[in-house]
Ligand code: NIG
Ligand code: FE
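In our numbering, the protein residues as written are 4 to 422.
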């Protein structure tokens, strides 16, 4: 068992604690519950006490020699960041597509010509489990150094039973062997594999009749995601896949209205999805439907920037009452980044979230998008001790000094893993 940790004299300790349970909307997204001159005691992997340094001194001064003491003067403390949408486990890389896009090719042009998701699918099928494990582990290390302590991870580069399961197994192993927690999502419906071109419904049959039951049987995923987009899966096909998954206990998520408005936001509300992702082109009706059903908008401003698209209407979504989370979308094509701090910056710059809302979107609401809010996403007694100490004195500077990694140290389940 590791030593207790006492972080004290933090200039700001942003706890994100709130009376409000479940995904936060509107003004609740700005409830940061800040403690000045803050102090937190971590022991046995959980938060044992939290308050001002004066308050904790009364209780813990007699145990000072037992603990690792962290003097956090002039520093900010927040919950570990949570990335609720990644495609982290894959083989190969696609830097040549970056150059193709700079020369004018679009994301969909490249995919339709057999590149994009199809290219990564080929490389992921060819790679051994060990190779994917090693590549993915490096990306997880990078997430950690950027203050991320939990991620969601999707399959979706196998597009056949064998390789979808290979990706999910890599994530299952990393969940045990790496400090980051990975919450797995099955995304066999990420693209129609080239061998099913012209036989799209047969691929949907394969997902519904064979892949989903196998994934559920082996308990390899908690969520089921579909790329509902013109030229990929129609809303009808998406609905079939999401309902089939739901019947097996997999909660729906949807890549919706990214490239064209296609009714994805509306479908998310209809099938009871926990979240809808991207939403660059979501309609006003779709946004209203999501607000009504409490579907979380998982917004990916780094992807929009990388594809040189206008970002999702994050400000309008919050004002309409949609709970908003943000994520890197870490993947080899449209967003090869592991930097949640950059995503927080971009949420402010390109979607007009306030620094407070952006932090909520990367912590508490992100936890809700992967159904983990009972354990993580805020600093409260009894919750997992996933904590970041930042080299800035307040949360506003974290958002304002952009494109820089301000992480000082990171604790995962009370153990120092960075710094
Ligand atoms: O969320 N939009 C679809 N899927 C991923 C991209 C995957 C890739 O290009 O490899 C996304 O952006
Ligand atoms: Fe994605």
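We treat Cβ as the ideally placed atom computed from N, Cα and C, and that holds for glycine. Bear in mind that the values here come from a model prediction, so they are computed numbers and not experimental data.
What does the alpha-carbon distance come out to for the pair residue i and residue j?
{"i": "residue 91", "j": "residue 143", "result": "8 Å"}
{"i": "residue 344", "j": "residue 355", "result": "16 Å"}
{"i": "residue 61", "j": "residue 394", "result": "27 Å"}
{"i": "residue 316", "j": "residue 416", "result": "35 Å"}
{"i": "residue 207", "j": "residue 232", "result": "15 Å"}
{"i": "residue 272", "j": "residue 292", "result": "6 Å"}
{"i": "residue 300", "j": "residue 325", "result": "7 Å"}
{"i": "residue 32", "j": "residue 21", "result": "10 Å"}
{"i": "residue 70", "j": "residue 173", "result": "36 Å"}
{"i": "residue 75", "j": "residue 398", "result": "14 Å"}
{"i": "residue 196", "j": "residue 34", "result": "44 Å"}
{"i": "residue 118", "j": "residue 98", "result": "12 Å"}
{"i": "residue 295", "j": "residue 124", "result": "37 Å"}
{"i": "residue 175", "j": "residue 187", "result": "8 Å"}
{"i": "residue 229", "j": "residue 66", "result": "52 Å"}
{"i": "residue 245", "j": "residue 109", "result": "28 Å"}
{"i": "residue 50", "j": "residue 418", "result": "12 Å"}
{"i": "residue 120", "j": "residue 336", "result": "8 Å"}
{"i": "residue 236", "j": "residue 137", "result": "31 Å"}
Judging by CA-CA distance, which residue of the options is the nearest neighbour of residue i?
{"i": "residue 283", "options": "297, 265, 272, 274", "result": "265"}
{"i": "residue 28", "options": "419, 413, 384, 359", "result": "359"}
{"i": "residue 185", "options": "243, 17, 154", "result": "154"}
{"i": "residue 259", "options": "285, 347, 252", "result": "285"}
{"i": "residue 63", "options": "273, 130, 95, 11", "result": "11"}
{"i": "residue 407", "options": "201, 422, 150", "result": "150"}
{"i": "residue 251", "options": "262, 237, 213", "result": "213"}
{"i": "residue 221", "options": "146, 326, 164", "result": "164"}
{"i": "residue 193", "options": "99, 162, 83, 69", "result": "162"}
{"i": "residue 88", "options": "334, 385, 106, 419", "result": "334"}
{"i": "residue 24", "options": "237, 376, 100", "result": "376"}
{"i": "residue 14", "options": "104, 101, 73", "result": "73"}
{"i": "residue 48", "options": "234, 236, 182, 78", "result": "182"}
{"i": "residue 96", "options": "102, 122, 111", "result": "122"}
For the ligand NIG, is there any heavy atom lying closer than 8 Å to the beta carbon of residue i?
{"i": "residue 334", "result": "yes"}
{"i": "residue 337", "result": "yes"}
{"i": "residue 230", "result": "yes"}
{"i": "residue 261", "result": "yes"}
{"i": "residue 99", "result": "no"}
{"i": "residue 349", "result": "no"}
{"i": "residue 160", "result": "yes"}
{"i": "residue 193", "result": "yes"}
{"i": "residue 367", "result": "no"}
{"i": "residue 110", "result": "yes"}
Does at least one heavy atom of the ligand FE sit under 8 Å from the Cβ of residue i?
{"i": "residue 121", "result": "no"}
{"i": "residue 127", "result": "no"}
{"i": "residue 306", "result": "yes"}
{"i": "residue 88", "result": "yes"}
{"i": "residue 157", "result": "yes"}
{"i": "residue 22", "result": "no"}
{"i": "residue 280", "result": "yes"}
{"i": "residue 258", "result": "yes"}
Is the CB-CB distance between residue i and residue j below 9 Å?
{"i": "residue 314", "j": "residue 364", "result": "no"}
{"i": "residue 223", "j": "residue 199", "result": "no"}
{"i": "residue 411", "j": "residue 382", "result": "no"}
{"i": "residue 338", "j": "residue 306", "result": "yes"}
{"i": "residue 341", "j": "residue 331", "result": "yes"}
{"i": "residue 402", "j": "residue 348", "result": "yes"}
{"i": "residue 274", "j": "residue 304", "result": "no"}
{"i": "residue 7", "j": "residue 57", "result": "no"}
{"i": "residue 134", "j": "residue 94", "result": "yes"}
{"i": "residue 372", "j": "residue 241", "result": "no"}
{"i": "residue 366", "j": "residue 38", "result": "no"}
{"i": "residue 248", "j": "residue 257", "result": "no"}
{"i": "residue 83", "j": "residue 384", "result": "no"}
{"i": "residue 323", "j": "residue 352", "result": "no"}
{"i": "residue 127", "j": "residue 166", "result": "yes"}
{"i": "residue 80", "j": "residue 30", "result": "no"}
{"i": "residue 217", "j": "residue 253", "result": "no"}
Where does residue i land, buried or exposed, given buried means 16+ other C-beta within 10 angstroms?
{"i": "residue 239", "result": "exposed"}
{"i": "residue 1", "result": "No answer is possible for residue 1: it lies beyond the span of the chain, which begins at 4 and ends at 422."}
{"i": "residue 435", "result": "The structure shown does not extend to residue 435, since the chain spans only 4 to 422, so no value can be given for it."}
{"i": "residue 215", "result": "buried"}
{"i": "residue 243", "result": "buried"}
{"i": "residue 19", "result": "buried"}
{"i": "residue 281", "result": "buried"}
{"i": "residue 116", "result": "exposed"}
{"i": "residue 405", "result": "exposed"}
{"i": "residue 389", "result": "buried"}
{"i": "residue 205", "result": "exposed"}
Would you check whether the ligand HEM has a heavy atom nearer than 8 Å to the C-beta of residue i?
{"i": "residue 303", "result": "As far as ligands go, the structure on display features the ligand NIG and the ligand FE and does not contain the ligand HEM."}
Contact criterion: CB-CB distance below 9 Å. Does residue i meet it with respect to chain C?
{"i": "residue 421", "result": "Here chain C cannot be found, since the structure has a single protein chain."}
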